[in-house]
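**Q** Quick one: the structure is below, and I'll ask about it shortly.
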Amino acid sequence: MNFIKHQDNGKTNGNTKLKVASLIYGCGGMDLGIQGDFNFLNKHFGALPFEVVYAVDNDAYATKIYNNNFSHKCELKDVRDIVPSEVPDHDILLGGFPCQSFSISAQNPPRLGFKDDRGKLFFEMVNVLKEKKPRFFIGENVKGLLSANKGKAFPMIVKEFEKAGYYIHHKLLNASEFGVPQKRERVFIVGFRDFEDYFNFRFPQPSTLNGSKIKLKQVIDKKANKDEKWFFSQRAVDGMLRVREKMNKGRVQDLNQPCNTISSHLAKVSLNGTDPVLMVDERYRRLTPREASSIQSFPESFNLDIVSENRQYKAIGNAVPPVLMWHVANALTNNLLTDKQQEINETKLELSEL
Ligand SMILES: C[S@@+](CC[C@H](N)C(=O)[O-])C[C@H]1O[C@@H](n2cnc3c(N)ncnc32)[C@H](O)[C@@H]1O
Numbered sequence: 007m008n009f010i011k012h013q014d015n016g017k018t019n020g021n022t023k024l025k026v027a028s029l030i031y032g033c034g035g036m037d038l039g040i041q042g043d044f045n046f047l048n049k050h051f052g053a054l055p056f057e058v059v060y061a062v063d064n065d066a067y068a069t070k071i072y073n074n075n076f077s078h079k080c081e082l083k084d085v086r087d088i089v090p091s092e093v094p095d096h097d098i099l100l101g102g103f104p105c106q107s108f109s110i111s112a113q114n115p116p117r118l119g120f121k122d123d124r125g126k127l128f129f130e131m132v133n134v135l136k137e138k139k140p141r142f143f144i145g146e147n148v149k150g151l152l153s154a155n156k157g158k159a160f161p162m163i164v165k166e167f168e169k170a171g172y173y174i175h176h177k178l179l180n181a182s183e184f185g186v187p188q189k190r191e192r193v194f195i196v197g198f199r200d201f202e203d204y205f206n207f208r209f210p211q212p213s214t215l216n217g218s219k220i221k222l223k224q225v226i227d228k229k230a231n232k233d234e235k236w237f238f239s240q241r242a243v244d245g246m247l248r249v250r251e252k253m254n255k256g257r258v259q260d261l262n263q264p265c266n267t268i269s270s271h272l273a274k275v276s277l278n279g280t281d282p283v284l285m286v287d288e289r290y291r292r293l294t295p296r297e298a299s300s301i302q303s304f305p306e307s308f309n310l311d312i313v314s315e316n317r318q319y320k321a322i323g324n325a326v327p328p329v330l331m332w333h334v335a336n337a338l339t340n341n342l343l344t345d346k347q348q349e350i351n352e353t354k355l356e357l358s359e360l
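With this note's numbering, the residue at position 17 of the sequence shown is 23, and numbering never jumps.
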């Protein structure tokens, strides 16, 4: 393995890779995306100059899936037990943190607090940034983060990152515009320790728009249409039909469009929920875990079978789509190209001074 030396100030040279620490990795969507070198729908997403060297999550089942698919191993641990100074040196910190749990306390001036324990995870990320000062960080969150607490929480979250010493870009990205067969909208927050990096960064431009979006039918497993196991019972269908008019439920997907957003709730999918379902020969069927993982853009080689189907749905539904993450991480590599250009310029300068 090639690690950068920290004196390098987080700049790449030759074949070295930037070190990544991943808090709350789930089954590893962000981690797979940032490392690259995987296939999805006959497309290769090339290796990126990033290498995960530290990963922490407290879900034993997601961890099992993760360790089954990556050569490095992750730690099963509560992030609140992390001592920031003990986190290995790294250049990029990754993390998602729950958004529902923020509250704005009524002090003057108002401050960001948390309604439950999950809100603390955000502060764990900030604490690691303050202590370790990596060159970049990437956070991912639900669209609702932008409007949480009547729009007041997000600017405060940004302020906390700024107080930790970071310049912030953020953008709402729709996975379906980046080659993922799902209309998943997520906020990406990218932080930069150095102003020059902040100045040079651009979010990726959509690569699949309108007609070129990947359709759900491209990831449907036709074999599952023949397996009774995946179909809802007549009782479930009757129950749903009784309330359907009132509740606008029974979310049958259009196979010629990207799928609606899937969530960890797929483990408990019911026809009375808002979860995406399929209609096959006028019968309702659920998505298989493999279909769900393809809707999230995990490669076929990503092995889920090590845990029960319910645990697979949960881990996959929680994940960041690796292809979307690959595009965001790839945009960061432009900053690294700028490093290379700077090295060339410095060498030229040295030569001209001789
Ligand atoms: C939305 S998922 C993360 C997705 C992941 N970042 C990815 O790239 O696919 C949320 C994760 O937070 C983890 N989590 C929640 N509370 C935690 C805690 N206190 N310590 C560590 N992990 C926690 C859950 O186990 C779950 O895997």
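Beta carbons: idealized from backbone N, C-alpha and C, even for Gly.
For D311, count the other beta carbons within 10 Å of its own beta carbon; 16 or more makes it buried, fewer makes it exposed. Which is it?
**A** Result: exposed.
**Q** If V132 sits next to F167, beta carbons under 8 angstroms apart, how far is it from one beta carbon to the other, in whole angstroms?
**A** Correct: roughly 7 angstroms between the Cβ atoms.
**Q** Just tell me which of Y290, R199, A321 and S77 has its CA closest to the CA of E234.
**A** Closest option to E234, Cα to Cα, is Y290.
**Q** Residue range of the alpha helix (DSSP H) that Y72 falls in?
**A** It spans A66 to N75 - the alpha helix (DSSP H) in which Y72 sits, taken as one unbroken run.
**Q** Counting Cβ pairs, one atom from each stretch, are 3 or more of them under 8 angstroms apart for the stretch 307 to 323 and the stretch 282 to 296?
**A** Verdict: yes, contact present.
**Q** If the criterion is Cβ atoms closer than 8 angstroms, does the pair V378 and V286 meet it?
**A** Any answer about residue 378 is impossible in this case: the structure gives the chain only from 7 up to 360.
**Q** Report buried or exposed for Q240, applying the criterion of at least 16 other Cβ atoms within 10 angstroms of its Cβ.
**A** The residue is exposed, with fewer than 16 neighbouring Cβ atoms inside 10 Å.
**Q** Measuring only the C-alpha atoms, how far is G279 from K177?
**A** Approximately 29 angstroms, taken between the alpha carbons.
**Q** Give me the Cβ distance between C33 and A325, rounded to the nearest whole Å; I'm assuming they're in contact under 8 angstroms.
**A** Going by Cβ atoms, the distance from C33 to A325 rounds to 6 angstroms, so yes, they are a contact pair.
**Q** Which partner residues of S4 appear in the DSSP bridge assignment?
**A** No answer is possible for residue 4: it lies beyond the span of the chain, which begins at 7 and ends at 360.
**Q** What residue ranges within the stretch 162 to 242 form continuous alpha helix (DSSP H) runs of no fewer than 4 residues, ordered along the chain?
**A** Those alpha helix (DSSP H) runs which fall completely within the stretch 162 to 242 and span 4+ residues are 201 to 206.
**Q** Between the stretch 328 to 347 and the stretch 68 to 84, do three or more beta carbon pairs fall short of 8 angstroms?
**A** Result no; under three Cβ-Cβ pairs closer than 8 angstroms.
**Q** CA-CA distance, L99 and L222?
**A** Their Cα atoms are separated by approximately 32 angstroms.
**Q** Alpha carbon to alpha carbon, how far is G150 from V193?
**A** Rounded to the nearest angstrom, the two C-alpha atoms are 9 angstroms apart.
**Q** Between the C-alpha atoms of G42 and F51, what's the straight-line distance to the nearest angstrom?
**A** Roughly 6 angstroms separates the two Cα atoms.
**Q** In angstroms with no decimal places, state the Cα-to-Cα distance between Q302 and P212.
**A** Rounded to the nearest angstrom, the two C-alpha atoms are 17 angstroms apart.
**Q** So does R86 have its beta carbon nearer than 7 angstroms to some heavy atom of ligand 1?
**A** Yes; taking the cut-off as 7 angstroms, the Cβ of R86 has a heavy atom of ligand 1 nearer than that.
**Q** Any chance the stretch 201 to 217 sits against the stretch 151 to 159, with 3 or more Cβ pairs inside 8 angstroms?
**A** Contact fails: fewer than three Cβ-Cβ distances are below 8 angstroms.
**Q** Going by other Cβ atoms of all chains shown within 10 Å of its Cβ, with 16 needed for buried, is P264 buried or exposed?
**A** By the neighbour-count rule (16 or more Cβ atoms within 10 Å), P264 is buried.
**Q** Does the Cβ of F205 have 16 or more other Cβ atoms within 10 Å, making it buried, or fewer, making it exposed?
**A** Its Cβ having fewer than 16 others within 10 Å, F205 is exposed.
**Q** For L343, is the classification buried or exposed, using 16 other Cβ atoms within 10 angstroms of its Cβ as the cut-off for buried?
**A** L343 should be labelled exposed.
**Q** Select from S153, F44 and A27 the residue whose C-alpha is nearest the C-alpha of F94.
**A** The amino acid at residue 94 is misidentified as Phe; the sequence shows Pro. Minimum Cα distance to P94 is reached at A27.
**Q** Does ligand 1 have a heavy atom nearer than 7 angstroms to the CB of V134?
**A** Every heavy atom of ligand 1 is 7 angstroms or more from the Cβ of V134, so no.
**Q** Looking at the unbroken alpha helix (DSSP H) that takes in V286, where does it start and where does it end?
**A** Taken as a continuous stretch (DSSP letters only), V286 belongs to no alpha helix (DSSP H), being part of the beta strand (DSSP E) at P282 to V286.
**Q** My assumption, with CB atoms under 8 angstroms, is that V85 sits in contact with E130. Please give the rounded CB distance.
**A** That pair is a contact at about 5 angstroms.
**Q** Is A230 close to ligand 2? I mean its beta-carbon at under 7 angstroms from any heavy atom of the ligand.
**A** Of the ligands this structure carries, namely ligand 1, none is ligand 2.
**Q** Considering only their Cβ atoms, is the gap separating F56 from A335 smaller than 8 angstroms?
**A** Yes. Within cutoff.
**Q** Which value, in whole angstroms, describes the spacing of the CA atoms of P140 and H96?
**A** The alpha-carbon atoms of P140 and H96 are separated by roughly 6 angstroms.
**Q** Leaving out the 5 sequence neighbours to the left and right, which residues in its chain are closer than 6 angstroms to K136 when beta-carbon positions are compared?
**A** Answer for K136: A170, listed in chain order.
**Q** I believe F198 touches F209 by the beta-carbon criterion, under 8 angstroms. Please report the beta-carbon distance rounded to the nearest angstrom.
**A** Incorrect: roughly 13 angstroms between the Cβ atoms, too far for contact.
**Q** For K219, does the count of other Cβ atoms within 10 angstroms reach 16, so buried, or fall short, so exposed?
**A** The residue in question, K219, is buried, as its Cβ has 16 or more Cβ neighbours within 10 Å.
**Q** What residue range does the beta strand (DSSP E) around K49 cover?
**A** Element bounds for K49: K49 to F51.
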